[in-house]
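Protein chains in written order, with numbering that gives the first Met the number 0: chain V, 0 to 161; chain X, 0 to 656. All remarks here apply to the structure that follows.
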Amino acid sequence: MRYPLGLLLAAALFATPALAVRPGEQLPDAAQESRARKLSAELRCLVCQNQSIDDSDAPLAVDLRRIVRERISAGDSDAAIRDFLVARYGAFVLLRPPVSAQTILLWSLPGLALALGGLAAWRLFRRRPGEAGEGPAEMLSPEEQAELQALLDKPGRSGPAA
Amino acid sequence: MIVELGHFALILGFAVALFQATVPLWGAIRGDAVLARLGAQAALVHFALLALAFAALTHAYLVSDFSVLNVFQNSHSLKPLIYKWSGVWGNHEGSMLLWVLILALFGAGVAVFSKRLPDDMLGATLGVQGLIASAFCAFLIFASNPFLRMPNPPIEGRDLNPVLQDPGLAIHPPLLYLGYVGFSIVFSFAAAALVLGRVDAAFARMIRPWTLAAWITLTLGIAMGSYWAYYELGWGGYWFWDPVENASLMPWLTGTALLHSAIVLEKREALKTWTILLAVVTFSLSLLGTFLVRSGVLTSVHAFAVDPERGLFILLILIAFIGGSFALFAARASALQGGGLFAPISREGALVFNNLFLSVASLAVFVGTLYPLLLEALTGAKISVGPPFFNLTAVPLMVPLFLAIPFGQKLAWKRGDLLGASQRLWICMALGVVGAAISAYAAGGGPVLALAGIGLGIFLVLGALDDLLDRGLRGGIGMIGARLRAIPQSITAMALAHAGAGLMVIGISATAFETEKIAAMKPGETLALDGYTLRLEGIGPVTGPNYNAIAAEFSLRDPAGTELARLRPAKRVYIGRQMPTSEVGRYRHGLSEIYLAIGETSDGQHVDLRAYHKPFVLLIWLGPLLMSIGGILSLLDRRLRIGVPARRARLRPEPAE
């Protein structure tokens with residue numbers, strides 16, 4: 000809950016904004032710590048509303064951060080840590096839902112919409128005068144064309160009235 | 000007594016809204032100008048009544064009348080005056096009253112500026128606006144009445160959520176609502192145009208000032224909310240892809256698309272159905288946002304099911320208006336003829352490109368926000384869709400859009416010459432690459448994407464302003480003032496708004512270069528942060544009007560050792576709700592900031608400090624501010640502000656844009 004309008008409805012929620020990662024939690028190895036931060040940002044604090052464990056001060060988030068760091072120290076890969084947490088807490092813990100039968104629509108809709116929209120725009124550009132409702136008025140008849148050519152060929156620039 | 004007066008005014012306002020929703024609409028359809036014109040009077044009376052109701056509730060807050068349930072639940076006698084004031088809309092019922100008040104304000108606005116509107120258009124538009132007002136007045140009166148009294152008034156109130164006790168809250172929701180709800184009048188115009196079957200350049204001109212006004216305030220409201228979250232919530236983020244944020248971003252994206260497609264409609268009478276559809280969709284998304292925020296459905300589908308009254312009420316309003324308007328659209332859209340022709344490489348083509356990407360981005364946000372709710376409702380499976388999803392979908396969609404802006408600005412209508420238009424843009428692009436290289440050098444490397452973002456932002460700013468510079472310098476340096484003044488205001492406005500988008504891109508990209516330090520510190524200890532030195536001078540208690548706090552005092556020194564500032568981040572506990580909040584300490588230099596937040600101080604001997612150096616962070620909000628200034632300039636352009644131009648004005652040749 001991190002946004003004023005949301006807070007208006009949040010009487011029941013107690014977001015306690017503060018430091019999430021505490022000094023004592025950090026791993027001594029900078030590369031491992033940065034991996035832990037990156038991973039934590041994609042894991043949901045299950046008892047909070049739409050916060051990652053990296054952002055949250057809730058006790059559960061503290062625990063999850065500790066688990067992530069323990070696993071990293073033990074040499075687990077990011078994927079192994081994610082699998083471990085999904086086995087324990089379900090897919091809900093992942094802020095980036097993996098592509099599956101359930102989420103295929105989620106991941107494909109923006110691309111589909113872009114393709115369909117692009118197609119519609121293309122058809123818009125390909126319209127011919129007749130379809131556009133402007134009618135043939137923009138086309139000159141052969142007689143008009145000849146008259147125009149005659150005017151253009153005339154010397155002097157005083158215009159058609161001359 | 001005053002509270003009852005307000006209650007009565009609200010009920011009377013409902014009655015007037017019902018009148019406004021029927022009689023003028025009937026008059027418009029039957030061609031009865033007298034009945035149609037009654038819409039203007041009704042809209043003004045409706046607004047006056049709702050203003051009275053709002054004033055009555057405000058009065059109850061100012062005098063801390065705890066016999067009113069709403070005041071008891073959300074106020075406290077010790078609360079500073081400004082928060083008593085802003086507390087009126089810091090809760091569900093009060094904010095819905097503000098919602099309806101703003102709805103009425105836009106109706107009254109059309110009534111006041113209606114002289115140039117055709118009678119039937121005025122009647123139909125205000126009629127539709129009255130329909131919306133009736134629905135929401137009914138919601139207020141029957142499902143969330145702010146004027147309910149308590150039989151045994153308590154002596155003290157429960158206080159406002161302390162996170163909301165901030166000057167930012169005084170401004171943010173009204174701005175956001177002005178934007179959100181402002182699109183209602185554009186929706187009403189669109190519905191009226193569908194009913195009357197008249198979608199033309201004049202229609203585009205009618206909606207232009209209203210679309211702009213709503214867009215400006217929505218832009219400011221979102222930026223304000225983002226800035227508020229940045230300094231109030233204490234972890235220095237500016238955007239979280241929270242469903243509530245998404246709810247305001249979706250109408251902003253489609254509203255921005257609408258602003259651009261209306262230009263094509265106005266100049267070339269093309270994109271008629273699309274513009275109408277965008278007007279309908281934008282307000283539908285505003286309604287959806289209201290539903291998401293107000294129904295509790297976001298907390299969980301189950302929370303919605305436990306107390307469904309309000310949620311169902313808004314859901315019904317949502318279905319009625321979205322369903323109704325789409326049915327109307329389906330029935331009438333085929334009657335709208337397409338307008339002028341144009342090549343893909345043209346100003347219109349560029350605006351179509353803009354609309355395509357903005358709409359798809361809005362759709363990506365829509366899908367990401369609602370997918371988990373729908374999936375849970377349908378299958379019971381719980382998944383999370385968080386920031387990584389939006390960063391992989393909506394954000395990449397913005398890149399081609401931003402890249403295209405400077406080119407679009409230079410293309411001619413109907414058929415443009417891309418190579419000719421883009422000659423000087425290559426120079427801007429080269430300068431962007433140089434800027435990115437300089438940033439990489441200054442920061443000692445950095446993520447490639449962030450560097451590309453900085454280059455893109457610089458290109459966008461320079462490309463947007465290129466036209467102004469070119470026109471200004473054409474007569475030599477001495478003529479620059481006069482030259483710039485001669486540029487039509489709407490062109491300056493466009494350049495500034497686009498440059499604002501560029502500044503925002505730079506600011507967002509620069510966050511990749513921030514430095515974060517987390518440390519436990521004792522008094523007297525120092526911390527180095529990008530060449531600056533922080534020293535903890537002391538920890539101590541602070542007492543505020545309605546809170547107690549523990550504050551830490553840090554001195555900040557620059558690399559030369561000169562003291563720049565004393566920063567006092569604190570943790571507050573509000574007396575009323577015993578809820579902790581954090582106050583950050585900030586030091587600004589140029590467009591960058593040093594940002595401190597403290598955590599646990601339990602033993603009084605040390606504090607947990609989180610310190611950031613955030614380069615160019617202020618651009619994230621200065622960009623949208625510049626966008627809004629562009630919008631305001633455009634709104635003030637006399638040539639375009641006027642709803643339907645007088646005949647004489649139309650004969651004047653218009654400068655090409």
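We put the CB at the ideal spot given by N, CA and C, even for glycine.
Review point. So GLY407/X and ARG346/X are in contact, right, with Cβ under 8 Å, and what is the actual spacing, rounded?
Key: Locating residue 407/X in the second sequence gives position 408, counting from the first residue. Locating residue 346/X in the second sequence gives position 347, counting from the first residue. For GLY407/X against ARG346/X, the beta-carbon gap comes to about 7 Å, under 8 Å, which counts as contact.
Practice item. Counting only the same chain and skipping the five closest in sequence on each side, list residues whose C-beta sits under 6 Å from that of GLY471/X. Key: Taking the first residue of the second sequence as position 1, residue 471/X is located at position 472. So the qualifying residues of the chain are ILE479, ARG482 and LEU483.
Review point. Should GLY444/X be labelled buried (16 or more other beta-carbon atoms within 10 Å of its own) or exposed?
Key: Indexing the second sequence from 1 puts residue 444/X at position 445. Answer is exposed; the Cβ neighbour count stays below 16.
Review point. Given 8 Å as the limit, is there contact between the region 606–626 of chain X and the region 501–511 of chain X, that is, 3 or more CB pairs closer than that?
Key: These segments touch.
**Study point:** Inter-stretch contact at 8 Å, needing at least 3 Cβ pairs: the region 117–126 of chain V / the region 73–87 of chain V
**Key:** No: fewer than three Cβ pairs fall under 8 Å.
Check your understanding: Helix, strand or coil: how does DSSP classify LEU617/X here?
Key -> One-based indexing of the second sequence puts residue 617/X at position 618. Judged by DSSP in its simplified three-state form, LEU617/X adopts coil rather than helix or strand.
Point to revise | Cβ-Cβ separation, SER187/X to VAL111/X (assumed contact under 8 Å), whole Å | key: Looking up residue 111/X in the second sequence gives position 112. Looking up residue 187/X in the second sequence gives position 188. Not confirmed; about 15 Å, so no contact.
Point to revise | Length at least 3, wholly inside the region 519–598 of chain X: the beta strand (DSSP E) runs in chain order | key: Correct list: 525–528, 531–542, 546–556, 562–566, 569–573, 578–582, 584–588 and 591–597.
Exercise for review: Using 10 angstroms around the beta-carbon of LYS613/X, count the other beta-carbons present and answer buried if the total reaches 16, otherwise exposed.
Suggested key: Counted from its first residue, the second sequence places residue 613/X at position 614. Answer is buried; the Cβ neighbour count reaches 16.
Review point. Over what stretch of residues does the alpha helix (DSSP H) that includes GLY419/X continue unbroken?
Key: Position 420 of the second sequence holds residue 419/X. Note, GLY419/X: alpha helix (DSSP H), 417–442.
Review point. Shortest alpha-carbon distance to GLY462/X belongs to which of SER383/X, SER489/X, LEU430/X and GLY452/X?
Key: In the second sequence, counting from the first residue as 1, residue 462/X sits at position 463. Checked all of SER383/X, SER489/X, LEU430/X and GLY452/X; the closest Cα to GLY462/X is LEU430/X.
Review point. For the putative contact between PRO145/X and LEU96/X, defined by C-beta atoms under 8 Å, what is the C-beta separation to the nearest angstrom?
Key: Mapped onto the second sequence, residue 145/X falls at position 146. Mapped onto the second sequence, residue 96/X falls at position 97. Rounded, the Cβ-Cβ distance is 5 Å, consistent with contact.
**Study point:** Proximal residues of chain V, C-beta to C-beta of TYR370/X below 8 Å
**Key:** Numbered from 1 along the second sequence, position 371 holds the residue referred to as residue 370/X. By Cβ distance, chain V contributes THR102, LEU104 and LEU105.
Exercise for review: Check LYS413/X in the structure and name its three-state DSSP category.
Suggested key: As a working note, residue 413/X is residue 414 in the second sequence. It is coil, neither helix nor strand.
**Study point:** Residues bridged to TYR611/X (per DSSP)
**Key:** Within the second sequence, numbered from 1, the residue matching residue 611/X stands at position 612. TYR611/X is bridged to GLU515/X and TYR594/X.
**Study point:** Reference LEU374/X, options SER99/V, ILE66/V and LEU123/V, closest by Cα
**Key:** Residue mapping note: residue 374/X aligns to position 375 of the second sequence, counting from 1. Ranking SER99/V, ILE66/V and LEU123/V by Cα distance to LEU374/X puts SER99/V first.
Point to revise | Contacts that GLU41/V makes with chain X (C-beta to C-beta distance below 9 Å) | key: Taking the first residue of the first sequence as 1, we reach residue 41/V at position 42. Around GLU41/V, the beta-carbon contacts reaching into chain X at under 9 Å are GLY385, PRO386 and PRO387.
**Study point:** GLU244/X, buried or exposed, once every other Cβ within 10 Å from all chains shown has been counted against 16
**Key:** On the second sequence, position 245 is the one that residue 244/X refers to. By the 10 Å Cβ count, GLU244/X comes out buried.
Point to revise | TRP234/X at chain V interface by Cβ criterion, 8 Å | key: Along the second sequence, read from residue 1 onward, the residue named residue 234/X stands at position 235. Chain V contact via Cβ: present.
Review point. Excluding five sequence neighbours on each side, which residues of the same chain lie with their C-beta closer than 6 Å to the C-beta of LEU400/X?
Key: Within the second sequence, numbered from 1, the residue matching residue 400/X stands at position 401. So the list reads PHE356, once near-sequence residues are dropped.
Review point. For the candidate residues VAL616/X, LEU217/X, THR218/X and ALA189/X, whose alpha-carbon lies nearest to that of ARG204/X?
Key: What you label residue 204/X is simply residue 205 of the second sequence in a count that begins at 1. Closest option to ARG204/X, Cα to Cα, is ALA189/X.
Exercise for review: Quick one: grab the DSSP three-state call for LEU130/X.
Suggested key: Working through the second sequence from its first residue, we reach residue 130/X at position 131. Correct three-state label for LEU130/X: helix.
Review point. From SER63/X to VAL70/X, what does the alpha carbon distance come to, in whole angstroms?
Key: For this step, residue 63/X is matched to residue 64 along the second sequence. For this step, residue 70/X is matched to residue 71 along the second sequence. Our two residues, SER63/X and VAL70/X, have alpha carbons roughly 7 Å apart in a direct line.
Point to revise | Selection from LEU26/V, ASP28/V and LYS37/V that minimises the alpha carbon distance to ALA511/X | key: Stepping through the second sequence from its first residue, residue 511/X is reached at position 512. Per the C-alpha coordinates, the member of LEU26/V, ASP28/V and LYS37/V positioned closest to ALA511/X is LYS37/V.
Point to revise | Distance, VAL583/X Cα to THR274/X Cα | key: For this step, residue 274/X is matched to residue 275 along the second sequence. For this step, residue 583/X is matched to residue 584 along the second sequence. In a straight line, the C-alpha of THR274/X is about 44 Å away from that of VAL583/X.
Point to revise | Cβ pair LEU26/V, ARG68/V closer than 8 Å | key: The count along the first sequence starts at 1 and reaches residue 26/V at position 27. The count along the first sequence starts at 1 and reaches residue 68/V at position 69. For the pair LEU26/V and ARG68/V, the CB atoms are nearer than the 8 Å cut-off.
Review point. Looking at the unbroken alpha helix (DSSP H) that takes in ASP465/X, where does it start and where does it end?
Key: Here the question's residue 465/X lines up with position 466 in the second sequence. Looking at the DSSP string, the run of the alpha helix (DSSP H) that includes ASP465/X is 447–472.
Exercise for review: Measure the Cβ-Cβ separation of ARG571/X and THR580/X and say whether it is below 8 Å.
Suggested key: As a working note, residue 571/X is residue 572 in the second sequence. As a working note, residue 580/X is residue 581 in the second sequence. ARG571/X is a Cβ neighbour of THR580/X, given a cutoff of 8 Å.
Check your understanding: Roughly how many whole angstroms lie between the Cα atoms of LEU377/X and ARG81/V?
Key -> Position 378 of the second sequence, counted from the start, is the residue given in the question as residue 377/X. Position 82 of the first sequence, counted from the start, is the residue given in the question as residue 81/V. Note on geometry: alpha-carbon atoms of LEU377/X and ARG81/V lie some 26 Å from one another.
Review point. So, helix, strand or coil for PRO141/V, using DSSP?
Key: Position 142 of the first sequence, counted from the start, is the residue given in the question as residue 141/V. Helix.
Practice item. Determine the burial state of LYS521/X: buried for a count of at least 16 other Cβ atoms within 10 Å of its Cβ, exposed for fewer. Key: In the second sequence, the residue the question calls residue 521/X occupies position 522. Classification for LYS521/X: exposed.
Check your understanding: For VAL359/X, which residues in chain V fall below 8 Å Cβ to Cβ?
Key -> To locate residue 359/X, count along the second sequence from 1; it is residue 360. Near VAL359/X (Cβ distances below 8 Å), the residues of chain V are PRO109, ALA112, LEU113 and GLY116.
Point to revise | ALA363/X versus VAL92/V - alpha carbon distance | key: Position 364 of the second sequence holds residue 363/X. Position 93 of the first sequence holds residue 92/V. The straight-line gap from Cα to Cα measures roughly 21 Å.
Exercise for review: Output, in chain order, the set of chain X residues within a Cβ distance shorter than 7 Å of GLY89/V.
Suggested key: Within the first sequence, residue 89/V is the residue found at index 90, counting from 1. Residues of chain X with a Cβ closer than 7 Å to the Cβ of GLY89/V are, in chain order, LYS381.
Review point. ALA363/X versus chain V: which residues are under 7 Å apart at the beta carbon?
Key: As a working mapping, residue 363/X is identified with position 364 in the second sequence. Under the 7 Å cutoff, chain V gives PRO109.
Exercise for review: Leaving out five residues on either side along the sequence, give the residues of the same chain with a beta carbon under 6 Å from the beta carbon of LEU315/X.
Suggested key: Here residue 315/X refers to the residue found at position 316 of the second sequence. There are no such residues.
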